[in-house]
Amino acid sequence: MGDQSPSHSDYSSSVESSNYFQQCKYIHEVELVNMKLQMRILETHLETKDRLLRNLEDIIDEQETRIANMEDFIQGRTAAYTPSTVMLHGISALSLDFGSLSEENLRLKEALRAGQRKERINELMEADEDYESDMTSVSGECDSARNGNSDVMSQSAIVASKARAFIDEHQISRLKRCAEELKNEKDELKRLSQDMKDAFTVCMGEVKLLLESKTVDFFKVLMERYKAEMERRKTLHNQLVELNGNIRVFYRIRPLLSIRDQAAIRIDSMDEGVVHLEHSSGRKTSRAADFVIPTKYSQNEIFDKVSPIVTSCIDGYNVCIFAYGHTGSGKTYTMEGPSEDPGINQRAILQLFEASQERGNDIEYTIKLSMIEIYNDKIRDLLSTSSSTSSSLTLRRDDSGHLSIPGLECRQVTSPSDVTNVLKEGSTSRVVAATDANANSSRSHVIVRVNVHAKNNVTGTTTIGRLNLVDLAGSERVSQTNATGQLLKEAQAINKSLSELGNVVFALRQGQKHVPFRNCVLTRLLEDSLHGDSKTLVLVHISPEETHVCESISSINFAEKIGQVQMKGPAAFKRAESVRKSTGVGRKDASPQTTPKKTNKLN
Numbered sequence: 001m002g003d004q005s006p007s008h009s010d011y012s013s014s015v016e017s018s019n020y021f022q023q024c025k026y027i028h029e030v031e032l033v034n035m036k037l038q039m040r041i042l043e044t045h046l047e048t049k050d051r052l053l054r055n056l057e058d059i060i061d062e063q064e065t066r067i068a069n070m071e072d073f074i075q076g077r078t079a080a081y082t083p084s085t086v087m088l089h090g091i092s093a094l095s096l097d098f099g100s101l102s103e104e105n106l107r108l109k110e111a112l113r114a115g116q117r118k119e120r121i122n123e124l125m126e127a128d129e130d131y132e133s134d135m136t137s138v139s140g141e142c143d144s145a146r147n148g149n150s151d152v153m154s155q156s157a158i159v160a161s162k163a164r165a166f167i168d169e170h171q172i173s174r175l176k177r178c179a180e181e182l183k184n185e186k187d188e189l190k191r192l193s194q195d196m197k198d199a200f201t202v203c204m205g206e207v208k209l210l211l212e213s214k215t216v217d218f219f220k221v222l223m224e225r226y227k228a229e230m231e232r233r234k235t236l237h238n239q240l241v242e243l244n245g246n247i248r249v250f251y252r253i254r255p256l257l258s259i260r261d262q263a264a265i266r267i268d269s270m271d272e273g274v275v276h277l278e279h280s281s282g283r284k285t286s287r288a289a290d291f292v293i294p295t296k297y298s299q300n301e302i303f304d305k306v307s308p309i310v311t312s313c314i315d316g317y318n319v320c321i322f323a324y325g326h327t328g329s330g331k332t333y334t335m336e337g338p339s340e341d342p343g344i345n346q347r348a349i350l351q352l353f354e355a356s357q358e359r360g361n362d363i364e365y366t367i368k369l370s371m372i373e374i375y376n377d378k379i380r381d382l383l384s385t386s387s388s389t390s391s392s393l394t395l396r397r398d399d400s401g402h403l404s405i406p407g408l409e410c411r412q413v414t415s416p417s418d419v420t421n422v423l424k425e426g427s428t429s430r431v432v433a434a435t436d437a438n439a440n441s442s443r444s445h446v447i448v449r450v451n452v453h454a455k456n457n458v459t460g461t462t463t464i465g466r467l468n469l470v471d472l473a474g475s476e477r478v479s480q481t482n483a484t485g486q487l488l489k490e491a492q493a494i495n496k497s498l499s500e501l502g503n504v505v506f507a508l509r510q511g512q513k514h515v516p517f518r519n520c521v522l523t524r525l526l527e528d529s530l531h532g533d534s535k536t537l538v539l540v541h542i543s544p545e546e547t548h549v550c551e552s553i554s555s556i557n558f559a560e561k562i563g564q565v566q567m568k569g570p571a572a573f574k575r576a577e578s579v580r581k582s583t584g585v586g587r588k589d590a591s592p593q594t595t596p597k598k599t600n601k602l603n
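Structure follows, in structure tokens:
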């Protein structure tokens, strides 16, 4: 019994809830019927009013007709008036009766409505009694079901709890209050969110300004460090080159032309910077240089030794590489070389391309190429197609004080194929002739001028470097070549320019105030490459045959003069001094039979 009492109370609550719902339903239906009856009454009343209005209109028409008849009677146009009068009185009486009938009709409709309401109430009461009887039977069934099935009771309890929650007006009002509070909190959150957005915008603006100022300062520091690092790199590379000497001298000994010839010059097996000469008299001497290129070296291996000085051109220095030697010693082969195995000219320019590509992210390079020939102390443009410009050009100083050649054609090169084509075009215009010393002797000095314009996209600075690749004409003994006429004139011009080059080198070596650069066109062109912070490499070409010993000694003497034009003493010069002390032979100790006269020294 104790377990069944809560269930019974739940069931009673459910019954009460059901009765409440049923009563609400009846009340609602009664109100709906009342509204419908009122609508019908109003509609009937309106219809009655409409009929009365129509009747009034008919009466007015009759009165107007009556007035017209009376006017006709007065004027004698009609007979007696009595029948019409009787008829009109009858119509008026009918109108009054109709009005009373309308009022009675309204009373009847009101009574009908009241009767229908009572009838509906009786029907609802009968339905309520039926419902109560049904609920009683359902209550009995629920009792039996509750005693026999606990699951049904639990479901009934759930339904009852839902019904109570649904009809609980207090909970509904509380939910409404909660909804209102949530709405207010939502509005408050929106306001706070907007305030946070505004504050965040202000904060981000301040952070942006701070970052911009810090970024500018940091960028300035990076720029200063970058400039310092670039300058340090250039300085270190320049110091590395200067340690070897601003003017370096390499010897290249040409291989023997015939296996029957005897070599009078050989390289020291223990020191790659010393050569030994054996004179026809049997006396032996030794000479030193920065490096002696072995005869077995290929063109590529030779350029590996030359390439460090080429890099200085990228850094804005003037660089000059020139080949010196007597006719037939292999100068043109070293500088130009065959198409399948090119020489220093093409390899040096290609190295400039490679270096510019490595630094291309920060620095923009422009490489321009020109080729000139000094023939009989006159300048010719080897790339010009015009006869007027290729015949003769002049040297002038520009506003910056640098030497320039107005009218000289410069070709911008952007690829290795461009370099090959330009060099090939210029080489075909060079003046050559056959002599007793060389069947294809160069009769002029050829200078390949490479201008490198570098613009640093980071710092905005620009530098201009120049690379001069010089293939000097071969020095000749007039007595040996048997030159006459035009060939004699060419030989004299060649020897004079080489002699003036020796005088310039001698003046630089002695530290003289006046250096005779203006004595010939060749020295004027090489002025920027022989003093200051310029880098110069002299490739002295030597023929190993015994018949060319005098010419080889002359070339070596010239190279030793150039090698002494240094701001600092190089290791090669010290090594040369040690060689002289060990052998007892100096530049001035050569016997008359082994040392050419002054007029032939640079021939």
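Residue 1 is where the sequence shown starts when you use UniProt numbering, and the numbers rise one by one after that. Where is the CB? At the ideal position from N, CA and C, for every residue including glycine.
Neighbourhood of T366 by C-beta distance below 6 Å, restricted to the same chain and skipping five residues each side: Only H453 meet the Cβ criterion.
Distance, I60 Cα to N105 Cα: 24 Å
Separation of Q22 from T44, as counted between CA atoms: Their backbone Cα atoms lie some 33 Å apart in a straight line.
M371: first and last residue of the uninterrupted beta strand (DSSP E) it sits in: I363 to Y375
As assigned by DSSP and simplified to three states, the class of N603: At N603 the pLDDT is 29, less than 50, meaning the model places this residue with poor confidence; the figure from the coordinates comes in the next sentence. The answer is coil: DSSP assigns N603 none of H, G, I, E or B.
Proximity to residue 686 [Cα-Cα], best of K186, E71, E278 and G532: As displayed, the chain neither begins before 1 nor continues past 603, which places residue 686 out of reach and without an answer.
Which listed residue (D377, N495, E545 and K513) has its alpha carbon closest to that of L522: D377
Host beta strand (DSSP E) of G465 (start-end): T462 to D471
For N456: DSSP bridge partner residues: I363
CB contact flag (I344, L469, <8 Å): yes
Buried or exposed by the 16-neighbour rule on C-beta atoms within 10 Å, applied to N318: Under this definition N318 is a buried residue.
Burial state of L53, where buried means 16 or more other Cβ atoms lie within 10 Å: exposed
Neighbourhood of K368 by C-beta distance below 6 Å, restricted to the same chain and skipping five residues each side: C410, Q412 and N451
The segment 308–318 touching the segment 263–274, judged by at least three CB pairs closer than 8 Å: Flag = no, the segment 308–318 and the segment 263–274 do not touch.
Proximal residues to K535 (C-beta, below 7 Å), its chain only, five neighbours per side dropped: Contacts found: V241, N246, I309, S312, Y317 and V319.
Spatially closest choice to L256 from K296, E123 and V275, by CA coordinates: K296
Contact belief for R252 with T327 at Cβ below 8 Å, rounded distance in angstroms: At roughly 15 Å, the Cβ-Cβ gap does not stay under 8 Å, so R252 and T327 are not in contact.
Spatial neighbours of T414 in its chain, beta-carbon cut-off 7 Å, leaving aside the 5 residues before and after: none
Limits of the beta strand (DSSP E) - the one that E278 falls within: V274 to E278
Beta-carbon proximity list for V448, same chain, < 6 Å, skipping 5 on both sides: N345, M371 and L469
C178, buried or exposed, once every other Cβ within 10 Å from all chains shown has been counted against 16: exposed
Beta-carbon proximity check, R113 vs L37, cutoff 8 Å: yes
Beta-carbon contacts of T462 that lie in its chain and below 6 Å, excluding the five residues immediately before and after: K455
Top-ranked residue by Cα proximity to A127, from N519, L488, I27 and S529: I27
First through last residue of the alpha helix (DSSP H) which encompasses K250: The residue asked about is misnamed: residue 250 is Phe in this sequence, not Lys. Note, F250: premise wrong, no alpha helix (DSSP H); beta strand (DSSP E) at I247 to I253.
Euclidean distance between Cα positions of V579 and F250: Low confidence applies to V579: its pLDDT is 45, below 50, so where it sits in the model is not reliable, and the reading given next is rough at best. A straight-line Cα-Cα distance of about 17 Å links V579 and F250.
For K331, the three-state DSSP class (helix, strand or coil): helix
Opposing strand residues paired with Q412 [DSSP bridges]: K368
Cβ distance (whole Å) where V549 is taken to contact Y324 below 8 Å: Contact doesn't hold; Cβ gap of about 17 Å is too wide.
Buried or exposed (CB count within 10 angstroms, at least 16 for buried), E129: E129 should be labelled exposed.
Test item: CB-CB of R397 and S329 under 8 Å: no
C-alpha distance - S154 paired with R174, whole-angstrom precision: 27 Å
Close beta carbons around K489, own chain, < 8 Å, minus the five adjacent residues each side: N376
Other residues of its chain near V216: CB distance less than 6 Å, five sequence neighbours each side excluded: none
Contacts around H531, its chain only, beta-carbon distance under 7 Å, and the 5 residues preceding and following it disregarded: Taken in chain order, the residues that qualify are L508.
Pair within 8 Å by beta-carbon distance, E546 and S280: Yes, these two residues count as a Cβ contact at 8 Å.
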